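In case it helps, my numbering puts the sequence shown at residues 379 to 595.
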Amino acid sequence: MRKNPFKHWTEIQYLKEEIKNPLIEVGDYSYYSGYYAGGKFEDICVRYIWGDEESQKMYNPVNDYGWVVDKIKIGKYCCLASGIVFMMGGNQNHNTNWITVYPFKKKLIESYKSKGDTIVGNDVWIGSEAMVMPGIKIGDGAIVASRSVVTRDVEPYTIVGGNPAKFIKKRFTEAQIEMLLEMRWWDWKEEDINNAIDILSSTDIGELYKYYKENIK
């Protein structure tokens with residue numbers, strides 16, 4: 379039985395400190411809250427991605443076959459809930475254009491197709507047991523509801539949910555979203571972020587923009 383690396387449900391792991399897989403990139407302060415799934419982010423959440431220790435010993439798809447291997451790139455200050463799943467590995471050798479999707483061993487090299495990198499923006503919240511399909515891009519400030527299946531790109535500061543995940547609402551007005559995307563608070567110096575925590579933890583985007591104009595820009 380796998381030992382749960384989380385001692386209690388309130389414990390989080392900052393992923394930048396934990397990630398070992400060369401195909402996973404994570405920004406500062408993005409965390410995984412994985413107590414209920416009972417395993418590490420790389421073991422539980424990222425499916426079918428070459429780079430784990432055993433696969434590395436067996437083969438190298440880039441050097442051996444010339445494959446373009448998809449990566450997952452997660453921005454800063456993201457909140458990733460327990461049991462989320464990122465489906466990776468391109469088409470996983472199941473070529474839907476062929477008569478059969480069965481991956482015959484002699485056709486493995488020909489059958490593979492990349493789906494492109496999966497990209498999660500900054501300040502994104504993905505709810506418990508949501509699934510993100512290969513090659514998806516989730517914009518800054520977006521929210522994915524629990525147990526959603528994300529099959530299409532998600533625009534910045536948009537809430538989606540369901541299977542397949544559908545648009546629920548924008549978090550703010552278009553003008554406010556433009557200001558937030560201009561400010562990119564997650565790229566500020568840590569001192570500036572700390573000074574603005576009270577504003578960041580409020581609904582006053584105008585006040586944050588004023589702070590940005592006076593102190594950052």
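Ideal Cβ positions, reconstructed from N, Cα and C, are used throughout, including at glycine. All values derive from a computational prediction rather than experimental measurement.
Any 3 or more C-beta pairs closer than 8 Å across the region 501-515 and the region 427-442: Taking one beta carbon from each stretch, the region 501-515 and the region 427-442 have fewer than 3 pairs nearer than 8 Å; the two do not touch.
Residues bridged to Val538 [DSSP beta-bridge criterion]: Its beta-bridge partners are Val522 and Phe545.
Under 8 Å between C-beta atoms of Lys451 and Asn473: Their beta carbons are not under 8 Å apart, which means Lys451 does not touch Asn473 by this criterion.
Straight-line Cα distance separating Glu556 from Ile422: Spanning the two alpha carbons is a distance of roughly 35 Å.
Anticipated Cβ contact below 8 Å, Asn593 with Asp576, distance rounded: Between Asn593 and Asp576 a beta carbon distance of about 14 Å is seen, past the 8 Å cut, so the two are scored as non-contacting.
Beta carbon of Asp516 nearer than 8 Å to that of Gln554: The identity of residue 516 in the sequence shown is Ile, whereas the question assumes Asp. When the beta-carbon positions are compared, Ile516 and Gln554 stay at least 8 Å from each other.
Inter-stretch contact (C-beta, 8 Å, three-pair minimum) for the region 477-494 and the region 520-535: As far as the Cβ criterion goes, the region 477-494 does not touch the region 520-535, which means the pair count is below three.
Three-state secondary structure assigned by DSSP to Trp503: If DSSP states are grouped into helix, strand and coil, Trp503 belongs with the strands.
Three-state secondary structure (DSSP) of Phe384: Coil, per DSSP.
Continuous beta strand (DSSP E) stretch holding Phe464: start and end: Counting along the chain, Phe464 sits inside the beta strand (DSSP E) bounded by residues Val463 to Met465.
Assigned secondary structure, Gln554 (DSSP; H/G/I helix, E/B strand, else coil): Note: Gln554 maps to helix in three-state DSSP.
Residues sharing a beta bridge with Ile452, DSSP: For Ile452, which the question treats as bridged, DSSP gives the partners Val404 and Val498.
Inter-residue Cα distance where the pair is Glu395 and Ile477: Our two residues, Glu395 and Ile477, have alpha carbons roughly 44 Å apart in a direct line.
Beta-carbon gap between Ala508 and Ile462 smaller than 8 Å: Less than 8 Å divides the Cβ of Ala508 from the Cβ of Ile462.
Start and end residues, alpha helix (DSSP H) containing Lys435: Glu431 to Met436 is the extent of the alpha helix (DSSP H) around Lys435.
Coarse secondary structure for Ile427, derived from DSSP in three states: Coil.
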